[in-house]
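Enquirer: Please find one structure pasted underneath; my questions will follow.
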Amino acid sequence: MYVCICHALNEKKVKAALNDGATTPAAVFRHHGCQVQCGKCVPTVRAMAADHRATCAQNRAQAASQDHVPAYGVAAE
Ligand code: FES
Numbered sequence: 001m002y003v004c005i006c007h008a009l010n011e012k013k014v015k016a017a018l019n020d021g022a023t024t025p026a027a028v029f030r031h032h033g034c035q036v037q038c039g040k041c042v043p044t045v046r047a048m049a050a051d052h053r054a055t056c057a058q059n060r061a062q063a064a065s066q067d068h069v070p071a072y073g074v075a076a077e
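The end of the sequence shown is residue 77 by UniProt numbering, with every number in the run present.
Written as structure tokens, this is what we have:
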């Protein structure tokens, strides 16, 4: 589905930019070598970036919690 009609950016392209480190709508546009025109897509891109950040934070928290759980019991001496 197209997110930005002006630049033919679909969800896949926006997600690719987010996965490559873009955190804002402006960064998503820069990633694809363009800039905001009409701005109608900005709230959607902003929401996708927020979802992406939340998912990344959740994944980091989950990975961190798994790092601190010993696989086997540790004998206390
Ligand atoms: S729809 Fe994205 S700038 Fe117009």
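Every residue gets a Cβ at the ideal spot worked out from N, C-alpha and C, and that includes glycine. None of the values given here were measured: they were computed from a predicted structure.
By how many angstroms is the C-alpha of residue 3 removed from the C-alpha of residue 29?
Expert: Whole-angstrom Cα-Cα distance: 12 Å.
Enquirer: What ranges does the alpha helix (DSSP H) occupy inside the stretch 5-47, keeping only unbroken runs of at least 4 residues that lie completely in it?
Expert: Whole alpha helix (DSSP H) segments, 4+ residues: 11-19 and 25-31.
Enquirer: From this set, 12, 22, 7 and 13, which residue's C-alpha is nearest residue 49's C-alpha?
Expert: Checked all of 12, 22, 7 and 13; the closest Cα to residue 49 is 22.
Enquirer: Hey, would you say the C-beta of residue 52 is under 7 Å away from at least one heavy atom of ligand 1?
Expert: For ligand 1, not one heavy atom lies less than 7 Å from the Cβ of residue 52.
Enquirer: Among 7, 32 and 5, which residue has its Cα nearest to the Cα of residue 18?
Expert: Nearest option by C-alpha distance: 32.
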